[in-house]
Every structure is written in structure tokens, then in C-alpha cells.
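Worksheet for the structure shown next.
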Amino acid sequence: MKSNGGTDAIPHAVLEAALGEFTTKGYADARLDAISSSSGVSKRMLHYHCGDKMGLYRSTMNYVLSLLRPTRESLQFTDERPVDALRHVVGVVFDCFADHPMAVRFIAQENMHPVMPLEESGAMAEASPIVLAFDRVLLLGRDFGAFRTDVSAMDIYYIVASMAQFPTLNERTFHNLYSLELTSEVLIDRLREMARDAVTGFLTASNSWKHGASYVTTTPKRKIQPRLVDEVYADDQDDRDSDNDNGDVAPEFTDMYHDDRQ
2 MKSNGGTDAI
12 PHAVLEAALG
22 EFTTKGYADA
32 RLDAISSSSG
42 VSKRMLHYHC
52 GDKMGLYRST
62 MNYVLSLLRP
72 TRESLQFTDE
82 RPVDALRHVV
92 GVVFDCFADH
102 PMAVRFIAQE
112 NMHPVMPLEE
122 SGAMAEASPI
132 VLAFDRVLLL
142 GRDFGAFRTD
152 VSAMDIYYIV
162 ASMAQFPTLN
172 ERTFHNLYSL
182 ELTSEVLIDR
192 LREMARDAVT
202 GFLTASNSWK
212 HGASYVTTTP
222 KRKIQPRLVD
232 EVYADDQDDR
242 DSDNDNGDVA
252 PEFTDMYHDD
262 RQ
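Using the numbering used here, the first residue of the sequence shown is number 2, and each one after it goes up by one.
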């Protein structure tokens, strides 16, 4: 039975065991026997649910992505004050990465030593609820005149994801060099506040970016839908684009951390 990458029918114990095995040993050295033993599920049932080793890896990838994306409900904000709404969404996204270090390591390993074809990884990506949430925060802030108009939701996502993953990926080095336990509860709480402060300061800074409406995005490689913020501020964007010589366009982006959960 060939797996389509879904996780609904696969026992949670199998996904957790596979996540640990693939992350600690890599795809090549990971063994189905070890996953079977750790999960308490027979190897025959692993083949039934996942088809083969690649099928299990594909399902594990989908499981990891579900861990690293918040629910739409958790991203919702009721506070109409832009900074408070921003800090809420930043905190929710930060905690998704901080709470799942093994998933962070799995993604880092897949980026360094790719197992899945790029096209197949891309097929898992859809419109991100995280990016949409940041877009809504930007829209709220700009309506109040509180936030810069030359920063995209992807810029904010980049900052938060980078800061949230850093403790997990650099814990040993920082502990050895500086005696800092980056993943301790105390430091995670402080680093979450640092991320909130960093993004708030970034969006309320008086300086402006002169080469478009985003730092990290340029011309999209695939057809995408226009951003909510760009649609609302289309006239302002046209004025900015006319001043730019490099022709960069800030698109909406899709990402691998999307979830359809309501």
C-alpha cells in the first residue's frame, strides 16, 4: 500500500518513533525495525499504513509540518491595538518552534541533506495561516499609521522563525562557549519577549526600505495570489514601485507550515 503522505490513519506512536529515528540517524541509516520496536507496531502494519520507508518519511514530514504550524484559532486576535495583536501572533508562532525541538531538527536535516524531491515538498505547501495572520496584523497597524508599509508578512515570519529555531539548533555550542542553556524555560520565556520586541521595533522604526515592499521576497517563481495588504494598499504600492529601479515585486508566499485545521 503506497502512502500519500497523510497521517490520519497512522498511529501517533509510529509518527513519534519515526520522527526520532529519522532525525537522530538520518534517512539512510534509519531502520523500520527500530521504528517498529519503539512504537510497538509490527513492521507488517508499518508497510500497510505507509507502503515503504519513503512513504513513512513522507508521512513523518507531514506530521512535522503539523507540529510547526499553529491552529487558526490560536492565531486569531481580538485586541484592536496593533502592537498587542502583533505580540500575540509573534508569541504563538515562536512557541510552535520552541515547543517541538525534534521537529525543528528534522526540518533542518531535510534542508541540509534533502531526501524528498523539491517538487514533492512544494506540493505540501499551501497558503500559510501564519503569513495571513501577519498580513492582518500589518493591515491593522497601517490603518492606525503605526507600522511601516515597506515590510511584508514574510519578513516578519523570517525573523520569528529564525529566532525561534536558534535555541534548538545552537544549544550545544552556546552552552559550551557561553554556559547558556538556550532551551531552558527561563531563557525561552526571555527569547520569546526578545522576538516580540525585535519585530515591534522593526515595524515601528522610522527608517524605510528603498527597494520594494519586502526584504526577503522578490519575483515569485510560481503563480500566487496577491497579498491582502497589497490589495488594500495598491495605490501606495504603485507609487513605491515607480520609484524602484530593480523591478522587485513582493508577492504573497505559500509555505510548508500550512494547516487546513479550523
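Where a beta carbon is used, it is the ideal one built from N, C-alpha and C, also for glycine.
7 Å Cβ shell around residue i - same chain, five flanking residues per side excluded
i, result
"L68", "H101, A104"
"F148", "P83, L139, G142, L204, T205"
"Y28", "Y58, V116"
"Y158", "I131, V132, F135"
"K211", "none"
"H176", "E182"
"Y258", "Residue placement at Y258 cannot be trusted, given a pLDDT of 44 that sits under 50; what the coordinates show is reported in the next sentence. If we look at Y258 and ignore the five residues flanking it on each side, its Cβ neighbours are L66, L69, R70, S129, I131."
Where the alpha helix (DSSP H) through residue i begins and ends
i, result
"D269", "Lying before the first or after the last residue shown, residue 269 is absent from the chain, which here runs from 2 to 263."
"L178", "154 to 179"
"N271", "Because the chain is modelled from 2 through 263, residue 271 falls outside the range shown and cannot be assessed."
"F132", "Phe is not the amino acid found at residue 132; the sequence shown has Val there. 130 to 144 is the span of the alpha helix (DSSP H), which, as asked, contains V132."
"F148", "Unbroken run through F148: none, as it is neither H nor E."
"L16", "13 to 30"
Exposure label - residue i; buried when at least 16 CB within 10 Å
i, result
"K224", "The pLDDT assigned to K224 is 48, lower than 50, so where the model puts this residue is not dependable; a value taken from the coordinates is nonetheless given after this. With fewer than 16 other Cβ atoms within 10 Å, it is exposed."
"T174", "exposed"
"G21", "buried"
"T79", "exposed"
"H111", "His is not the amino acid found at residue 111; the sequence shown has Glu there. Classification for E111: buried."
"D34", "exposed"
"S215", "buried"
"F23", "buried"
"F1", "The first residue shown for the chain is 2 and the last is 263, placing residue 1 beyond what the model contains."
"A19", "buried"
"L178", "exposed"
"H114", "exposed"
"L87", "buried"
"A31", "buried"
"N144", "Here residue 144 is Asp; the residue named in the question, Asn, does not match the sequence. Flag for D144 reads exposed."
"G213", "buried"
"D85", "exposed"
"D198", "exposed"
Pair within 9 Å by beta-carbon distance, residue i and residue j
i, j, result
"L181", "I189", "no"
"R193", "A109", "no"
"D281", "A165", "Residue 281 cannot be examined here, being either before or after the span of the chain that is shown, 2 to 263."
"L133", "T61", "no"
"P168", "P130", "no"
"L57", "L66", "no"
"M55", "V116", "yes"
"S153", "T201", "no"
"S40", "A14", "yes"
"D156", "S209", "no"
Same chain, Cβ closer than 6 Å to residue i, five either side skipped, listed in chain order
i, result
"A196", "V91, F95, V161, M164"
"H89", "F78"
"K44", "L33, S37"
Own chain residues within Cβ distance below 8 Å of residue i, not counting five before or after
i, result
"S75", "V93"
"E172", "E182, L183, T184"
"A10", "H50"
"L170", "V105, R106, A109"
CB contact check: residue i to chain B, cutoff 9 Å
i, result
"E22", "Checking the listed chains, one finds no chain B in this structure; it contains a single protein chain."
Subject >> Segments assigned beta strand (DSSP E), at least 3 residues, entirely inside the segment 36 to 110 >> reply: Runs of the beta strand (DSSP E) inside the segment 36 to 110: none found.
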